[in-house]
Amino acid sequence: MTIQQLKAIHDAQPFTPFVLHTADGRFFPVPHRDFLSHSPGGRTLVVYRDDESFSILDLLLVTEIEVPRPMQ
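Numbering (my numbering), first residue to last: 9 to 80.
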């Protein structure tokens, strides 16, 4: 995964919620663009949750960006 690929999804207009999947099988929902930030170099990500907790991820361990289909 590259920072350019992630930015393309994160900065899309309109924003579409997505899920980051990591090599160890964990997943991290990003329901709004405010729930994700990255370091200036782009390698370190911070994913926030509704309860104000967060996870710090290495972008190189992100294996997939899942964009779920909108519910009809």
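Idealized CB from N, CA, C, for every residue including glycine.
Nearest to residue 60 (by Cα), restricted to the options 20, 49 and 42 = 42
Report the residue from 48, 37, 76 and 64 whose alpha carbon sits nearest the alpha carbon of residue 12.
-> 48
When the Cα atoms are used, what is the spatial distance from residue 10 to residue 52?
-> 11 Å
Tell me residue 63's beta-bridge partners as DSSP assigns them.
-> 55
Express the C-alpha separation of residue 70 and residue 32 in angstroms, rounding to a whole number.
-> 9 Å
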